[in-house]
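Undergrad: Below is the structure I would like to discuss, written out as structure tokens.
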Amino acid sequence: MQNHRVQPHVAIPQRTRSPAYVPSSTAEVSSPYPFELGSQQSQGLLSASWEPTPTARHPPTSLDVPSKPRNRTRSTFGSASAPITFPEPEIYRSASQRSTLRPKHHRLSKSEAGSSGKTPEDNYLSRSYTPATLASTSSIELSTHTTDGLTSELSSMTLESDEGLMRFQNGQLQEKDEEWHLLVPPEAREALGKREVERQSVLFEVFKSERDYVYDLRLIREVFIEPLRSASPPVISPGERLQKFLSEVFWNLNEIIAHHDRLLAALFDRQREQHPLVQSVSDAILNAVLHFQADYESYIEHYPLAEERHRTELNCNKDYQDFLQRCSRDPRTRKRDLITFLSRPVTRLPRLNLILEHIHKLTERDHPDANELPLVLSVLSSFLKSTQPGIAAAESKVKFWNLCDSLVFNNAEIIELDRYTDSRYLIHAGTLARRSKSDMDWNPWHDLYVALLDNYFLITKEEKRPSGTIKRLVVSRPIPLTYLRLGSFDDPPENRRERPEEGSFLRSSYRSVYPFTVYHAAEKSSRQYVLYAPSDAARAKWRDALIDAKGVDDATREGNRVSGTKLPTYCWLMPTFRVPGPRSGRSRKTPSGKVLQATPFTASGGKKFVAISCASGIFIGRRGETFRQILAFENAKNIIVMQDFNKILIHHDGYLLSYSLEVLARVAKYQSPASALDASLETIAGQDGSVILCEAGTVKGRTVVMYAVKSLFSQTTVHTLEACRPEMRMTSPRVLQHSTMSFRLFGEPVYVPRELYSLMPLTKSIAMCTDRATVIVDPQNTTKPIIAVVPDFTGASSDSNMTDLKAHCENARPLGLIRYDASELMAIYDTMGCYITKHGKPSRDSNFIRWEIKANSFLHRTPHILLFSSEFIEVRDTRTGRLDQVIEGMDIRLLYTPSSRAIPPLVAWRGEKNDEDGLSEQILELIDTTELTPATPASGSFAPPDIWDEWDM
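Per full-length UniProt numbering, the sequence shown starts with residue 1, numbered consecutively.
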């Protein structure tokens with residue numbers, strides 16, 4: 001039968017061919033493969049950052065191949081035919097395919113190809129199969145070349161037999177013999193012509209490179225993975241860390257090997273069927289590409305992370321270093337390191353793309369590959385381009401890790417950058433200059449390494465250590481992007497004086513630098529930075545990066561708020577609370593004045609009210625209703641509601657007064673006259689001195705009221721009273737001597753020798769925050785030596801960290817204590833916070849957390865602490881001190897701190913209205929946010945249950 005081949009058209013008389021060679025055993029493949037890419041690249045598909053170092057050829061190993069090839073009479077592009085022989089060929093080809101000039105073809109010697117570390121793919125990329133280089137197809141010169149070029153073993157074979165092909169697939173040929181034109185009869189080369197000879201030679205590279213690639217993939221498993229897993233003693237321990245290491249470094253390598261095992265088997269089948277005239281491999285490659293895209297995408301995008309994990313372990317684990325040295329001595333690796341092998345899948349597809357492009361150029365227009373190869377190339381090229389963003393993201397992640405590992409912070413300060421969270425990444429980094437403010441410096445310019453993360457702006461100074469590693473000293477506290485503000489970016493350039501080289505007599509030179517300004521929103525004057533970029537383009541790049549980062553950070557914070565603000569109805573609808581403004585003189589209404597305190601309470605019948613202290617008096621009202629001024633106590637400092645005892649305490653003008661809640665509510669509802677309040681009045685304190693502070697809470701299971709009185713001689717004394725339930729008497733006012741009908745003494749008065757800032761009830765004692773420290777005392781046991789000062793800095797002289805913490809605490813104002821867990825508390829100051837044990841000793845190695853603001857009050861809402869200043873509310877994680885959220889406003893005040901988490905705290909700040917009635921005051925509830933759970937129509941929860949009530953549905 002006639003074998004109908006599509007291109008080129010060959011009709012060759014039959015001749016008896018030699019019997020097929022049947023190998024006696026599975027042979028080993030000699031498979032070289034370094035992975036560096038030559039100067040030729042395909043449309044930028046392979047970044048220069050992936051270039052490794054060249055390595056040498058590895059020794060042979062075994063590949064599973066059939067002991068006997070299938071009959072090559074079946075072809076994808078032709079019907080079954082008899083075996084092909086080549087005595088007197090008839091070939092239909094154009095004149096351009098014939099060659100008259102046939103120079104001798106030069107092949108690299110083993111020393112030229114092997115010692116240079118070049119692989120078959122590298123040799124392919126560095127040479128071109130042109131008609132001139134492949135013109136050695138005349139029978140005379142080919143015969144001469146066969147005699148000179150082939151080994152004695154191969155030249156003794158019958159060339160038209162299967163023996164040479166089988167030895168190639170088994171890796172039993174020497175490298176110089178692994179060429180297509182050396183494995184086919186001279187008559188075939190003469191019959192095919194130069195163009196087809198070149199095409200067949202390039203097709204042969206597909207088989208050869210795939211065989212070598214599979215060998216290297218298997219070598220990773222045999223030389224590195226399995227010995228590392230079975231090493232005794234273990235190289236990486238414990239076992240969980242080893243398993244995580246193998247997963248991170250070798251990722252989905254097993255899936256890649258499985259794909260290429262199948263592809264190599266398909267290619268070898270095709271080669272055995274159609275050798276020496278292979279028609280096409282595009283269908284097999286296309287099928288493989290469509291199947292392995294997802295696994296390759298995962299591997300390629302993860303590769304930078306795998307390489308970094310390997311290098312990190314290499315730098316810190318001596319046993320791992322020794323293990324890799326033993327691996328490099330394995331003769332199969334030919335001294336190639338692990339990075340070389342790990343990068344093989346990254347470079348394989350770009351190399352394959354180059355080979356297929358070359359085949360396509362050599363394919364005639366009427367050949368089936370002329371239509372099929374462009375499809376393969378399109379799929380492969382599109383896939384390679386699609387992986388570039390993932391690679392860039394992984395490389396950015398590696399740079400971010402390297403930066404984080406190199407950072408050096410000041411001792412004793414906890415700076416939680418949240419840097420090892422998966423969502424963190426590096427946006428932009430580079431060297432910027434800063435000029436010293438000192439006039440004494442001959443050269444005031446300093447180079448700094450500045451990095452913009454997705455959550456912080458870092459200014460560091462690079463320092464090279466003797467070990468060769470680079471450390472970056474944080475010269476200024478990192479600025480959260482929430483607080484980062486951008487200044488001018490269009491100032492004219494300035495001249496920077498360059499220091500002449502040491503020993504040089506040349507005069508100093510100057511170069512232009514381009515300034516831009518950034519600053520901290522909460523510390524505008526003290527933390528303003530003028531940085532200088534080396535060019536205007538670099539400055540513009542920093543500006544764009546900062547603007548984009550700020551925009552993303554704002555959107556992220558809005559979508560991940562820990563606490564949200566809610567405007568209660570009574571403040572949103574009623575313009576009751578106003579402060580005088582530039583236009584308020586035109587109104588007949590008197591502004592209420594600044595809101596100072598607000599306290600909700602519940603009257604009989606379950607009606608909810610809010611008492612609000614303003615500059616003009618105390619207002620009472622309900623949500624959605626008009627608020628009335630009930631009491632004319634101007635600028636009342638504090639309002640305390642004792643719901644269980646039907647009492648409301650008011651701290652005003654140095655006095656602490658008590659009224660009935662029920663009577664107050666009736667007056668607010670016009671059910672009783674204002675004079676009815678006088679009958680329930682009790683003066684708790686203020687006759688013997690001015691009350692400066694008051695607070696209520698639970699101590700030892702008792703509801704107590706604590707207040708501090710300053711006498712005429714500036715002596716401060718803290719008194720504690722227990723609330724009781726006397727029989728209600730609506731008679732004349734009662735004056736407090738040592739007790740009243742509603743309160744009785746709880747323990748003894750406590751003298752405070754220092755300035756007192758706040759009082760705070762604890763479980764079994766009370767805390768008094770003075771100008772230097774927080775004092776813990778039990779008012780019922782003042783005669784015993786149980787008074788404690790926290791933090792307790794006993795032993796600070798022998799501990800540098802504790803000494804440093806003591807200095808910071810002495811320069812800060814104490815605000816109070818919060819309990820973190822059963823064994824640890826947190827001492828809160830206006831500028832910082834630190835952890836202490838239940839015995840008052842500093843914990844966590846005396847480290848402290850510095851706030852970004854100067855707080856005037858705080859609120860503990862597990863697991864967060866909220867710190868309040870006039871412009872910002874800072875929400876931090878109590879366990880780590882991490883900054884989780886920042887809420888901005890103007891003239892912010894904490895009005896109400898609830899004792900129960902179910903009740904939201906109240907906050908006031910300046911509103912948006914500015915008219916003839918004055919500047920508006922907004923009162924807001926701080927509500928805890930919850931994660932939104934996506935709902936589907938199938939769940940029936942995609943709308944509120946009463947959304948259709950108005951429509952009777």
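Beta carbons are placed, not taken as given, at the ideal position from N, Cα and C, and that holds for glycine.
(1) How should G606 be labelled, buried or exposed, when 16 other C-beta atoms within 10 angstroms of its C-beta is the threshold for buried?
(2) Can you grab the Cα-Cα spacing for the pair P515 / P493, in whole Å?
(3) Given a cut-off of 9 Å, decide if S658 and E634 are closer than it, judged by their beta-carbon atoms.
(4) Alpha carbon to alpha carbon, how far is G654 from G686? Give it in angstroms, no decimals.
(5) Taking all protein chains shown into account, do 16 or more other C-beta atoms lie within 10 angstroms of the C-beta of residue 1015, making it buried, or fewer, making it exposed?
(6) Alpha carbon to alpha carbon, how far is Q780 from T720?
(7) Out of P186, D269, R496, which has the shortest C-alpha to C-alpha gap to S436?
(8) Rank I236, F245, R199, D422 by C-alpha distance to the C-alpha of H358 and give the top, closest one.
(9) In angstroms, rounded to a whole number, what distance separates the CA positions of R336 and A294?
(10) What would DSSP say about G430, mapped onto helix, strand or coil?
(11) Report yes if the CB atom of Y529 is closer than 9 Å to the CB atom of I618, and no otherwise.
(12) Here's a check: name, in chain order, each residue in its chain whose Cβ is nearer than 6 Å to the Cβ of H428, leaving out the five neighbours to either side.
(13) Cutting at 7 Å between CB atoms, please list the residues of its own chain near E810, excluding the five before and the five after it.
(14) Suppose you measure from the CA of A394 to the CA of E874; what does that come to, to the nearest Å?
(15) Measuring alpha carbon to alpha carbon, tell me which of F489, Y510, D319, A555 ends up nearest A533.
(16) What runs of the alpha helix (DSSP H), each 4 residues or longer, lie entirely inside the UniProt domain "PH" (425 to 551)?
(17) In the DSSP output, what is D644 paired with across the bridge?
(18) Could you name the residues of the same chain whose beta carbon sits closer than 7 Å to that of R465, not counting the 5 residues immediately before and after it, in chain order?
(19) Here's a check: name, in chain order, each residue in its chain whose Cβ is nearer than 8 Å to the Cβ of I892, leaving out the five neighbours to either side.
(20) For the alpha helix (DSSP H) containing K710, name the first residue and the last one.
(21) Among V709, I766, R272, E748, which has the Cα closest to the Cα of G697?
(22) By the three-class DSSP mapping on this structure, what secondary structure does D928 have?
(23) How is the beta strand (DSSP E) around L277 delimited, first residue to last?
(24) What separation, rounded to the nearest whole angstrom, lies between the Cα atoms of S535 and Y519?
(25) Please classify M890 as buried or exposed, where buried requires at least 16 neighbouring CB atoms within 10 angstroms.
(26) From which residue to which residue does the alpha helix (DSSP H) around K361 run?
(27) If the criterion is Cβ atoms closer than 9 Å, does the pair V699 and T763 meet it?
(28) Kindly indicate which three-state DSSP category K913 falls into: helix, strand or coil?
(29) Based on the DSSP secondary-structure assignment, which residues constitute the bridge partners of T763?
(30) Mind reading off the beta-carbon distance from I639 to A679? Whole number of angstroms is fine, and I expect it under 8 Å.
(31) How about D830 and R813: do their beta carbons lie closer than 9 Å?
(32) Taking its Cβ as the centre, do 16 or more other Cβ atoms sit within 10 Å of T340, making it buried, or is it exposed?
(33) Looking at C-alpha atoms only, which residue of I257, Y299, V278 is the closest neighbour of L183?
(34) So which of N252, I256, R561, Y707 has the shortest CA-CA distance to Y751?
(35) Within 10 angstroms of its Cβ, does L577 collect 16 or more other Cβ (buried), or is it exposed?
(36) Hey, how far is the Cα of S155 from the Cα of A266?
TA: This is what the structure gives:
(1) exposed
(2) In a straight line, the C-alpha of P515 is about 7 Å away from that of P493.
(3) no
(4) Taking the straight line from one Cα to the other gives about 6 Å.
(5) The shown model of the chain, from 1 to 953, leaves out residue 1015, and the question about it has no answer.
(6) 9 Å
(7) R496
(8) In terms of Cα proximity to H358, the closest of I236, F245, R199, D422 is R199.
(9) 28 Å
(10) G430 carries a strand assignment under DSSP once its states are collapsed to helix, strand and coil.
(11) Not closer than 9 Å, so no.
(12) L452, A545
(13) Answer for E810: R772, listed in chain order.
(14) 32 Å
(15) F489
(16) none
(17) Answer is none; D644 lacks a bridge partner.
(18) K471
(19) F868, S869, S870, E871, F872, I873, V907, A908, W909
(20) Counting along the chain, K710 falls outside any alpha helix (DSSP H), though it belongs to the beta strand (DSSP E) covering 702 to 710.
(21) I766
(22) Strand.
(23) L277 -> no beta strand (DSSP E), and no H or E assigned at all.
(24) 21 Å
(25) exposed
(26) Here the alpha helix (DSSP H) through K361 covers 344 to 361.
(27) If you check the CB distance, V699 and T763 come in under 9 Å.
(28) strand
(29) Beta-bridge pairing links T763 to no other residue.
(30) Going by Cβ atoms, the distance from I639 to A679 rounds to 20 Å, so no, they are not a contact pair.
(31) yes
(32) By the neighbour-count rule (16 or more Cβ atoms within 10 Å), T340 is buried.
(33) V278
(34) Y707
(35) The amino acid occupying residue 577 in the given sequence is Phe; Leu does not appear at that position. By the neighbour-count rule (16 or more Cβ atoms within 10 Å), F577 is buried.
(36) Bear in mind that a pLDDT of 41 at S155, under 50, signals an unreliable position, so the number given afterwards is only what the model happens to contain. Rounded to the nearest angstrom, the two C-alpha atoms are 29 Å apart.
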